[in-house]
Each structure stands twice: as C-alpha cells, then as structure tokens.
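Notes for the one structure printed next.
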Amino acid sequence: MLLVTDRLSKFYGKFRALHNLTMSIAPGEVFGLLGPNGSGKSTALRLILGFLRPSLGCSTISGHNSWSDGVRARAKTAYLPGELRLYENMTGRQLIQFLGGLRGRPLRADLEEKARLFEINIDIPMATMSSGMKRKVALLLVLDPASELVIMDEPTNALDPTMREALLEEVRQAKQRGQAVFFSSHVLTEVEAVCDRVGILKEGQLAHLQCMKELRAGRRVHMRLGSDGHLPTLEGLSLVRRDHCHVHFEHVGELEPLMSWLAKLQVEELAMAPLGLDGIYRKIHGETA
Numbered sequence: 067m068l069l070v071t072d073r074l075s076k077f078y079g080k081f082r083a084l085h086n087l088t089m090s091i092a093p094g095e096v097f098g099l100l101g102p103n104g105s106g107k108s109t110a111l112r113l114i115l116g117f118l119r120p121s122l123g124c125s126t127i128s129g130h131n132s133w134s135d136g137v138r139a140r141a142k143t144a145y146l147p148g149e150l151r152l153y154e155n156m157t158g159r160q161l162i163q164f165l166g167g168l169r170g171r172p173l174r175a176d177l178e179e180k181a182r183l184f185e186i187n188i189d190i191p192m193a194t195m196s197s198g199m200k201r202k203v204a205l206l207l208v209l210d211p212a213s214e215l216v217i218m219d220e221p222t223n224a225l226d227p228t229m230r231e232a233l234l235e236e237v238r239q240a241k242q243r244g245q246a247v248f249f250s251s252h253v254l255t256e257v258e259a260v261c262d263r264v265g266i267l268k269e270g271q272l273a274h275l276q277c278m279k280e281l282r283a284g285r286r287v288h289m290r291l292g293s294d295g296h297l298p299t300l301e302g303l304s305l306v307r308r309d310h311c312h313v314h315f316e317h318v319g320e321l322e323p324l325m326s327w328l329a330k331l332q333v334e335e336l337a338m339a340p341l342g343l344d345g346i347y348r349k350i351h352g353e354t355a
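Numbering (my numbering), first residue to last: 67 to 355.
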C-alpha cells in the first residue's frame, strides 16, 4: 500500500478532532473522504502529510512515517490545500517552474495542453488572477504525472461546472497512470463519479467505509406485499425497515437473483432506485446531502 494510517488521532485537550482513523490507499486507487465542515477531513489530510503531530497512531507514505520522516514521505506527494497561498509576484508559468524546480523536476511536457484544457493563461501574474484561475494553476502543479500520491482538500472549490468535469477527467487519467489520489469533498456526485472507495467521517471518526463498485451494483427497494408473511433470505439483502406489508430494503448484487426472489412473493407494488451515497450519508449525518 502506498498510504497507510493506523489509529491516526489528533486531540486538542478533551476535543477529538480525529480519532482512530485506520485506512490504506494503493497505487492507482482514488479514495474520497466525505463529511461536513468540522468532521475532521482537513485534520486528517494534515496529519497524513506530516503537517500536524498525531496525538496517537501514525501515517506512512511509501513506508516513511509522515511525522518523523516527513521529507522522504512527501518526496513524491503533491498536495492541494483548501486555502491557497501562492507567490503573487510570479506568473503561473514561473510559479510552476519554481516549485517544480525545488524538487528537481523538469517542466511537465504537457503543460501547454493542460493550460488550454483548464482555459487559463499561465503567463500573467498570479496577483491578477481570480481565485478560480489560481486554483487551476495549483491543479496543474499537483496533477503532475511525476507524483505518486496526490492529496487534495476540496479540489473543486471555485471551479465552474465545466472545469469541475475537466478536473474529474484528470483524476481518472491519474488513476490510469498508476497514481494514487486521495481527496476530501462534500460533493457526493463528484465522489461517486471517480472514486474506488469512500470514507465518511462523523465527529472525527470514520463512520463508514464503502467500496463504490459494490454501491454501483446496489439498489434501494420498496415493495408492498399482499400478505404479512415471512420473507425468505437472499444474499446481499439488508432490511431497512418493515411495517407489516410495506418492506424497505437494500440489495447489493446482480439483478437477476433479486427478480427471481421477488417472483416468489406476493408483490402488489414495487419501486426501485439506485443505491447512491446520498442515502448512506443522510443515514449517518441525519441531513440532506
């Protein structure tokens, strides 16, 4: 595994900003971290990068401890913070050259192509750019193919819908190149679109870990039966609630076994919907995603 956290925790007195985060990310995997403001997303990223000292547990990148061996842990890691602080007196190109040069990296060969993709002029001063343009320059930096691990905090902030889709496509390409991508977000549709796995934080703890392949193969079902009888078992079925003849459940797996199972019942009404992240998120946080 490229990134591993083991019981990673950060306490401020009695307040637990993050508690017992245990997870891992492999090369070529995209992992999304979800949660509302204050749930511990940014704290988790800063601990993983070695910017904060953990109260308990540890984080390693390529086998190097993020806190005690941070220079080597971050050697091939790119990070996009939620709030940008860039050198305003440089042009976008100069900034990319300067920060890349600090790591001994040449200017990426596809820089001009990617600048056109993000619809940005990299030859004007950073001071004259809008917040969205500055974020695009930062994305050109962090999505450099030379990085093995890309960590981004709310990467689509200040981007319009077209640029958000362009960014998600860049994430897909990074995955194809074998790069690991770890990003925090509160936008469920973005996470569903590109992630292999998703973690949901609640009050500093990992409340749910979901493989998106399983979720995409799932569905939410409501049915009304002709009689209030016993339901036979079915692999992949999880009962949500039952009120006599009204049954609500979730099913993960192939559709054919489910339809065969339903054919054995006295189903008078049936409704199905994809099993999306929104339902899981609402269940955990008790709010509309």
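Yeah, the Cβ is synthetic: ideal placement off N, Cα and C, and Gly gets one too.
Once the 5 residues before and after S75 are set aside, which same chain residues still bring their CB inside 8 Å of it? By 1-based counting over the sequence shown, the position of residue 75 is 9. Closer than 8 Å at the Cβ level, and outside the excluded window around S75, lie R82, L84, H85, N86, L87, P120, S121, L122 and G123.
Going by CA-CA distance only, name the one from G198, F184, Q276 and R290 that's closest to V318. What you label residue 318 is simply residue 252 of the sequence shown in a count that begins at 1. Measuring from the Cα of V318, the nearest candidate turns out to be Q276.
On the DSSP letters alone, give me the boundaries of the alpha helix (DSSP H) that K180 sits inside. By 1-based counting over the sequence shown, the position of residue 180 is 114. L177 to L183 is the extent of the alpha helix (DSSP H) around K180.
Please state whether DSSP places D226 in a helix, a strand or coil. The sequence position of residue 226 within the sequence shown is 160, counting from 1. DSSP places D226 in coil when its eight states are reduced to three.
Tell me the DSSP secondary structure of S75 in three-state form. Here residue 75 is taken as the residue at index 9 of the sequence shown, counted from 1. DSSP places S75 in strand when its eight states are reduced to three.
State buried or exposed for K180, treating a residue as buried only when at least 16 other CB atoms are found within 10 Å of its CB. In the sequence shown, counting from the first residue as 1, residue 180 sits at position 114. Looking at its Cβ environment, which holds 16 or more other Cβ atoms inside 10 Å, K180 is buried.
Would L99 pass as a contact of F315 if the rule is Cβ separation under 9 Å? Walking along the sequence shown from the start, residue 99 turns up at place 33. Walking along the sequence shown from the start, residue 315 turns up at place 249. Going by C-beta atoms, L99 is not nearer than 9 Å to F315.
Going straight from the alpha carbon of A337 to that of I266, what length do you get? Residue 337 sits at position 271 when you count from the first residue of the sequence shown. Residue 266 sits at position 200 when you count from the first residue of the sequence shown. Approximately 27 Å between the Cα atoms of the pair.
Pop quiz: S197 and A224 are said to be a contact at Cβ under 8 Å. What is the actual Cβ separation, rounded to whole angstroms? Within the sequence shown, residue 197 is the residue found at index 131, counting from 1. Within the sequence shown, residue 224 is the residue found at index 158, counting from 1. Yes, S197 and A224 are in contact; Cβ-Cβ is about 5 Å, under 8 Å.
From the DSSP output, in three-state form, read off F117 for me. For the purposes of this step, residue 117 is taken as residue 51 along the sequence shown, with counting starting at 1. Here F117 sits in coil by DSSP.
What three-state label does DSSP hand R151 in the structure shown? Reading the sequence shown from its first residue, position 85 is the one you call residue 151. Three-state DSSP puts R151 in coil, outside helix and strand.
Look up T354 in the DSSP assignment and say whether it is helix, strand or coil. Position 288 of the sequence shown, counting from 1, holds the residue named residue 354. For T354, the predicted model reports a pLDDT of 45, less than 50, meaning its position is unreliable and no value from the coordinates is stated.
Length of the line joining the Cα atoms of V253 and G170: For the purposes of this step, residue 253 is taken as the residue at position 187 of the sequence shown. For the purposes of this step, residue 170 is taken as the residue at position 104 of the sequence shown. About 35 Å.
What distance in whole Å lies between the Cβ atoms of K200 and L150, which are believed to be in contact at a cut-off of 8 Å? Stepping through the sequence shown from its first residue, residue 150 is reached at position 84. Stepping through the sequence shown from its first residue, residue 200 is reached at position 134. Right, the Cβ-Cβ distance comes to about 6 Å (below 8 Å), so this counts as a contact.
Terminal residues of the beta strand (DSSP E) in which T299 lies: In the sequence shown, counting from the first residue as 1, residue 299 sits at position 233. First-last for T299: undefined, no H or E at that position.
My output table needs one value for D344: the three-state DSSP class, helix, strand or coil. Counting from one through the sequence shown, the residue named residue 344 turns up at place 278. Of the three classes helix, strand and coil, the one that applies to D344 here is helix, per DSSP.
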